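Residue numbers (my numbering), protein chains in the order written: chain V, 693 to 817; chain D, 1125 to 1329.
Yeah, the Cβ is synthetic: ideal placement off N, Cα and C, and Gly gets one too.
Keep in mind that this is a model prediction, so the values were computed, not measured.
Notes follow the structure.
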Amino acid sequence: MNKKKIFKLAKGFRGRAKNCIRIARERVEKALQYSYRDRRNKKRDMRSLWIERINAGTRIHGVNYGNFMHGLMEENIQLNRKVLSEISMHEPYSFKALVDISRNAFPGNKKVELPPKKEGLAILV
Amino acid sequence: MNPAAGNFSGNLKKALAGLRRINLEGLRWRVFDAKGQILGRLASQIATVIQGKDKPTYTPYREDGDMCIVLNAKDICVTGRKLTDKFYRWHTGYIGHLKERSLKDQLAKDPTEVIRKAVLRMLPRNKLRDDRDRKLRIFVGGEHPFGDRPIEPYVMPPRKVREMRPRARRALIRAQKKAEQQNQHGATDPRKRIKKEEAKNEQSV
């Protein structure tokens, strides 16, 4: 019945919340509320994580995130942040090409101070 | 590992403490030179590197920052009157026992603590903070026992120095003029100079 469903959802909870129906019911209700809220939060968090990664990737090449995105908008490149972050993680050379496109379109950063790179770009972990 | 660090004076044990606990050895070893750097600005750069936020593979739940070595901790600079007026305060738990120590005394006592506190207070307060603390090695002098690792020096980004406020600038110009005057008149005391002039006047009269 209802109790069975509640206990099924309450697996892994701490203390009496997984065993006693009164406490389990409260905790399960709260857990469902959190999961509702976090399904919406997850979209926000993932986007901010993509932006952090893109920022890190572009700063290696001397451009910051804002100018990079502005340059891409100018060139009408409609890659979204998810894809850009994947490119910056796994395809460093393609990402460098994108950064160069953006820098040509919008030369916002004056001092492009590249640290002396020895062999290639992918010295990243 | 150890015998290559021949001429390192200081606490070798403390420098190598907990190295085994740090998991990944695909990390880089970045060297920061604190000589002449401003405390907070350097600490914020170190905090970014230690968190791994300059890598595009940054993951918030995984600790992936580079090892940071800071040299010349005693040559760190601060602006304003912070050398005498910045206090580190802590409460011992007993009532009324709020202790404080100024930056000058702390530098005399243990200069590495200054940078360590600055960096640690800039890291997010989560479970990874202790691991990040373990990755940070600070040395007072200019040498470190990690000579045999692949070391990469860190180039600080160029700093935009704020223009001085008018009053401070005038004070600086006055101080410079005074210093020039002192140098011009040699190493004589102003009082001795006046006495010499008086003696000259008396003789002439």
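Asked, Found
"Compare the C-beta of residue 1180/D against all C-beta atoms of chain V and say whether one is closer than 7 Å.", "yes"
"Indicate whether residue 1214/D and residue 1223/D have their beta-carbon atoms separated by less than 7 Å.", "yes"
"For residue 1177/D and residue 1275/D, what's the separation of their Cα atoms in angstroms?", "19 Å"
"Is the distance from the Cβ of residue 1260/D to the Cβ of residue 1192/D below 7 Å?", "yes"
"Enumerate in chain order the residues of its own chain whose CB-to-CB distance from residue 1228/D is below 8 Å, with the five nearest sequence positions on each side excluded.", "1207 and 1208"
"Measure how close the beta-carbons of residue 1180/D and residue 745/V come, nearest whole angstrom, since I'm counting them as under 8 Å.", "5 Å"
"If residue 1150/D and residue 1256/D are in contact, beta carbons under 8 Å, what's the gap, nearest whole angstrom?", "The Cβ separation is near 17 Å, so there is no contact."
"Nearest by alpha-carbon distance to residue 1164/D: which of 1254/D, 1240/D and 1288/D is it?", "1240/D"
"Just the chain C side, please: which residues come within less than 7 Å of residue 745/V by C-beta, in chain order?", "The chain labelled as chain C is not found among the protein chains of the depicted structure, namely V and D."
"Tell me the DSSP secondary structure of residue 1260/D in three-state form.", "strand"
"Could you name the residues that DSSP lists as bridge partners for residue 785/V?", "According to DSSP, which records beta bridges pairwise, residue 785/V is partnered with nothing at all."
"Among 778/V, 787/V and 794/V, which residue has its Cα nearest to the Cα of residue 738/V?", "778/V"
"Any contact between the segment 716-728 of chain V and the segment 695-705 of chain V? By contact I mean 3 or more CB pairs, one from each, below 8 Å.", "yes"
"I need the straight-line Cα distance from residue 752/V to residue 789/V, nearest angstrom please.", "13 Å"
"Along chain V, in chain order, which residues have C-beta atoms closer than 8 Å to that of residue 1206/D?", "Per Cβ cutoff of 8 Å: no residues; residue 1206/D is ~28 Å from chain V at best."
"For residue 1268/D, is the classification buried or exposed, using 16 other Cβ atoms within 10 angstroms of its Cβ as the cut-off for buried?", "buried"
"Taking just the CA atoms, how far does residue 724/V sit from residue 1156/D?", "48 Å"
"Note down, in chain order, every chain D residue with its Cβ under 7 Å from the Cβ of residue 749/V.", "1180"
"Can you confirm whether residue 1223/D, when its beta carbon is compared against all beta carbons of chain V, has any partner nearer than 7 Å?", "no"
"For residue 1303/D, count neighbouring C-beta atoms within 10 Å of its own C-beta (all shown protein chains included) and say buried if the count is 16 or more, exposed if not.", "exposed"
"For residue 1276/D, write down the residues that DSSP places opposite it in a beta bridge.", "1154/D"
"Could you tell me whether any Cβ in chain D is nearer than 7 Å to the Cβ of residue 794/V?", "no"
"Select from the segment 1269-1285 of chain D all residues with a C-beta closer than 8 Å to any C-beta belonging to chain V, and list them in chain order.", "1279, 1281 and 1282"
"What does DSSP give as the partner residues of residue 1225/D in its beta bridges?", "1212/D"
"Would you identify the three-state DSSP class for residue 817/V, choosing helix, strand or coil?", "Residue placement at residue 817/V is poorly supported in this model, since its pLDDT is 41, which falls under 50; the coordinates are not used for a value here."
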